[in-house]
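Respectively, the protein sequence lines represent chains A and B. 23 is the number of the first residue of the first sequence in the working numbering; add one for each residue after it. 43 is the number of the first residue of the second sequence in the working numbering; add one for each residue after it. One structure is given here, and the rest of the page talks about it.
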Amino acid sequence: MSEQLLRFESVTKTYISGESRLVILEDLDLSVPSGTSVAITGKSGSGKSTLLNLAGGLDKPTAGSVLFLGRNVGKMHDKALSAFRNRHIGFVFQSHILLEDFNALENVCVPALIRGDGRQATIQRATQLLKRVGLADRLDHRPQKLSGGERQRVAICRALINQPDLIIADEPTGSLDEASASDIETLLLEMVKEEGRTLLLVTHNPLLAARCSNVYLLQNRQLQEGP
Amino acid sequence: MKVSFSLWLYGHLILPREQTRYATRRLLRSIVLIAVVMVPLVLALIFMDGMMSGITDKYILLQDGHIQIYVSPEEELLLNDFNDARIASADQVVTGYGIIYSRETTAEVKIKGVETTYFNEMRREQLEFTGEPLSQEGSLTTVMISEVLSKTLGVGIGDRVAFMIVPENTSRTGIRPVLAVVSALYASGYHELDSSLIFMNRKDAVKYFPQRQNSYTELLVKGSAVDQLAAIIETLQVKFAQDFDYATWDEFNTTVYQNFITSRQVILMVFLLILLVAGVYVASIAQELVQDSMQAIALFKTVGALHTQLIASYFATVMTVTLLGLLCGMVIGVLIGSQLGVLLHWLGSSKIAGLQYYLLDFPIIIKWKDLLLIGLSMLGISSVTVLCTLHRIRVISPLEVLQQD
Chain A
23 MSEQLLRFES VTKTYISGES RLVILEDLDL SVPSGTSVAI TGKSGSGKST
73 LLNLAGGLDK PTAGSVLFLG RNVGKMHDKA LSAFRNRHIG FVFQSHILLE
123 DFNALENVCV PALIRGDGRQ ATIQRATQLL KRVGLADRLD HRPQKLSGGE
173 RQRVAICRAL INQPDLIIAD EPTGSLDEAS ASDIETLLLE MVKEEGRTLL
223 LVTHNPLLAA RCSNVYLLQN RQLQEGP
Chain B
43 MKVSFSLWLY GHLILPREQT RYATRRLLRS IVLIAVVMVP LVLALIFMDG
93 MMSGITDKYI LLQDGHIQIY VSPEEELLLN DFNDARIASA DQVVTGYGII
143 YSRETTAEVK IKGVETTYFN EMRREQLEFT GEPLSQEGSL TTVMISEVLS
193 KTLGVGIGDR VAFMIVPENT SRTGIRPVLA VVSALYASGY HELDSSLIFM
243 NRKDAVKYFP QRQNSYTELL VKGSAVDQLA AIIETLQVKF AQDFDYATWD
293 EFNTTVYQNF ITSRQVILMV FLLILLVAGV YVASIAQELV QDSMQAIALF
343 KTVGALHTQL IASYFATVMT VTLLGLLCGM VIGVLIGSQL GVLLHWLGSS
393 KIAGLQYYLL DFPIIIKWKD LLLIGLSMLG ISSVTVLCTL HRIRVISPLE
443 VLQQD
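Quick look at the structure:
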């Protein structure tokens, strides 16, 4: 049996705004084994992004535990959380979110530089990744000069540069046209597999979800095994 | 903390790419504005130091000397022969107060009786003479008055004036008028001093001010020894093997000296307030920089950057801009300040009525310690204001990146 990389144990997430109390996730359990790809689907506003935020250490549960390799992410202090995100998590966002003042190569290098890797080694690895995604001739291009698909490729490379255990992707193809989306989906799944990483992704696309090892539907604040 | 990322980010912030012209312009604008604040401060400092030093020199060289020593006549002779490398000159002087009369008006004056050797090279540098100082012609007492007094009294060289000696002892009733001839005019450039100081031959002054307390020896020390007055007095006390009355310039002119100290403190306080305002401006540069980088900061934090790494980069960027502005402002200020003498000399000779009360002809002094102090104060104040502003980085949540999806 595979090692459990990520576990949600009776996780509840509640947002309180003035008098109102909004329960997003309630008593939710999830297990993500190492080396698998897990898709979370669900309607807009069902709490998918909240779940990813909790998995990535960007938010803390109101109750329950988020365990990453047995460590309780919700109990980590800021400094430890930063190091945790840097070493163990790779983020891919729907709208790629690249640094506009930096070129493709520099965007990919950022997590490795934060980790303290040597500049030459970092550039070498970032170049390899960008070549792998077909951007060998776009290394010094800034995001404005890249297409939506190219930007998302850069974002995928950035997520992989530190060889994290878990890639978290929130609607990675949501802002792309159909052809580009298909390319990016294939690339993301291929690269995660090649690099031996675990993928936790949120998508509305049933075709993409179907290509993952496990599919869950987030509904009524709970996860259900998908189709 | 890994510094490589901070250095890398700092490099990008301080040297923005060609494409980000706005960022480059913003940094250059900030450097220029900081320099614009620093230039007048440096000029004001140079002006203040130069003027105060100039006025002090006038008082010391022409009115009081560095040290006034009251010893017996026999010891005065010993003092004359006293060889000390720190002492530039020792002159026997007689002083008193009187009222000088011309046909038109009167003026209260301090009368200083000196030998002709009193006007040595150091003193001559402070004065412009018309006529030969204290030259004796005929039997009348000769006096040298200032050009300011000459205009006030309406007299010139060769004219006669009368003066009444104000007795030191109120029981003495024999106030007598004395007739004198103006043998020369002098101008020190400082109206305040010139309007009340006249010189006459010491042998004549002794007749009018015979009391012992009116005579003393005036010591001038060399420029390199002005901070060693106490040590010089100690040496003299050993030499004469006894205590004697003495007064240093600042003790003798407590009011003037304290006025200088107070003025200087007030001006430095004003400088400090200006630097505080400049510090607030520098903080606004940091604020603008952070405001424009909100998404980048949130992303850096998402992928694991620490607050301290980000704060270090932004702090270094803003402080580099501040330092560059500061250095530019100081260099420009010093360059203009070093030419200030030409401008002041022109103003001094422009006969503008309002300027006659100011000393405008003085040597320009650049006190590097004061400039350094101002520079360090600017950096210190800016550091605090910038750090307070950059505290905002701590509260930027990585979730902000995701919320924009």
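Even for Gly, the Cβ is constructed at its ideal location relative to N, Cα and C.
{"Check": "At the level of alpha carbons, what is the spacing between B/L318 and B/H387?", "Outcome": "33 Å"}
{"Check": "Is there at least one Cβ from chain B nearer than 8 Å to A/A105's Cβ?", "Outcome": "yes"}
{"Check": "Over the uninterrupted alpha helix (DSSP H) stretch that includes B/V190, give me the two end residues.", "Outcome": "189 to 195"}
{"Check": "If you drop the 5 nearest sequence neighbours on each side, which residues of the same chain put their C-beta closer than 7 Å to that of B/K409?", "Outcome": "D91"}
{"Check": "Beta-carbon of B/F313 versus every beta-carbon of chain A: anything under 8 Å?", "Outcome": "no"}
{"Check": "Where does B/D99 sit, in a helix, a strand or coil, going by DSSP?", "Outcome": "helix"}
{"Check": "Distance, Cα to Cα, B/G96 vs B/S131?", "Outcome": "20 Å"}
{"Check": "Report all residues from its chain with a CB closer than 8 Å to the CB of A/R164; omit the five preceding and five following residues, and keep chain order.", "Outcome": "E122, D123, F124, N125, A126"}
{"Check": "Quick check on A/E217: does DSSP put it in helix, strand or coil?", "Outcome": "coil"}
{"Check": "Taking only the alpha-carbon atoms, compute the straight-line gap between A/P186 and A/V54 and give it to the nearest angstrom.", "Outcome": "15 Å"}
{"Check": "Listed in chain order, which residues of the segment 116 to 127 of chain A have Cβ atoms closer than 9 Å to some Cβ of chain B?", "Outcome": "Q116, S117, I119, L120, L121, E122, D123, F124, N125"}
{"Check": "Between the beta-carbon of B/V156 and the beta-carbon of B/S257, is there less than 8 Å?", "Outcome": "no"}
{"Check": "Counting contacts by CB-CB distance shorter than 8 Å, is B/I56 in contact with chain A?", "Outcome": "no"}
{"Check": "Beta-carbon separation of B/V220 and B/T184 under 8 Å?", "Outcome": "no"}
{"Check": "Name, please, each residue of chain A whose Cβ falls closer than 8 Å to the Cβ of B/V345.", "Outcome": "R107, N108, F113, V132, P133, I136, R180"}
{"Check": "With B/F171 and B/A226 assumed to form a contact (beta carbons below 8 Å), what rounded beta-carbon distance in angstroms separates them?", "Outcome": "6 Å"}
{"Check": "Where does B/S181 fall in DSSP's three states?", "Outcome": "coil"}
{"Check": "With 8 Å set as the bound, which would you pick, yes or no: does the beta-carbon of B/F357 sit closer than that to a beta-carbon of chain A?", "Outcome": "no"}
{"Check": "Do A/T58 and A/S169 have their C-beta atoms within less than 8 Å of each other?", "Outcome": "no"}
{"Check": "Count the other CB atoms, across all protein chains shown, that sit within 10 Å of the CB of B/L315; report buried if there are 16 or more and exposed otherwise.", "Outcome": "exposed"}
{"Check": "Is the shortest distance between the beta-carbon of A/R141 and the beta-carbons of chain B less than 8 Å?", "Outcome": "yes"}
{"Check": "Short of 9 Å Cβ to Cβ, which residues in the segment 80 to 102 of chain A face chain B?", "Outcome": "L80, D81, D100, K101"}
{"Check": "Can you confirm whether B/P82, when its beta carbon is compared against all beta carbons of chain A, has any partner nearer than 8 Å?", "Outcome": "no"}
{"Check": "Along the beta strand (DSSP E) that carries B/K154, what are the first and last residues, could you check?", "Outcome": "148 to 156"}
{"Check": "Out of B/I406, B/V190, B/G200, which one is the CA nearest neighbour of B/G180?", "Outcome": "B/G200"}
{"Check": "Do you know how far the Cα of A/D199 is from the Cα of A/L27?", "Outcome": "33 Å"}
{"Check": "Say whether chain A places a C-beta atom closer than 8 Å to the C-beta of B/L318.", "Outcome": "no"}
{"Check": "Using a Cβ cut-off of 8 Å (strictly closer), state whether B/L348 contacts chain A.", "Outcome": "yes"}
{"Check": "Just confirm the distance between the C-beta atoms of B/I141 and B/M186, as a whole number of angstroms; I'd bet it's less than 8 Å.", "Outcome": "Not quite, the Cβ-Cβ distance comes to about 17 Å (not below 8 Å), so this is no contact."}
{"Check": "Count the other CB atoms, across all protein chains shown, that sit within 10 Å of the CB of A/E193; report buried if there are 16 or more and exposed otherwise.", "Outcome": "buried"}
{"Check": "Beta-carbon within less than 6 Å of B/G321's beta-carbon, same chain only, minus the 5 sequence neighbours each way: which residues are those?", "Outcome": "I423, S424, T427"}
{"Check": "Any beta carbon of chain A sitting closer than 8 Å to that of B/R68?", "Outcome": "no"}
{"Check": "So does the segment 177 to 184 of chain A actually touch the segment 103 to 118 of chain A, counting three or more Cβ pairs closer than 8 Å?", "Outcome": "yes"}
{"Check": "With a threshold of 8 Å on Cβ separation, who are the neighbours of B/A149 within its own chain once the five nearest residues in sequence on each side are excluded?", "Outcome": "I141, I142, L191, T194, L195, S237, S238"}
{"Check": "For the pair the segment 54 to 70 of chain B and the segment 67 to 80 of chain A, tell me if three or more CB-CB distances fall below 8 Å.", "Outcome": "no"}
{"Check": "Keeping to the same chain, check which residues put their C-beta closer than 7 Å to that of A/G258; ignore five residues upstream and five downstream.", "Outcome": "The structure shown does not extend to residue 258 of chain A, since chain A is modelled only from 23 through 249, so no value can be given for it."}
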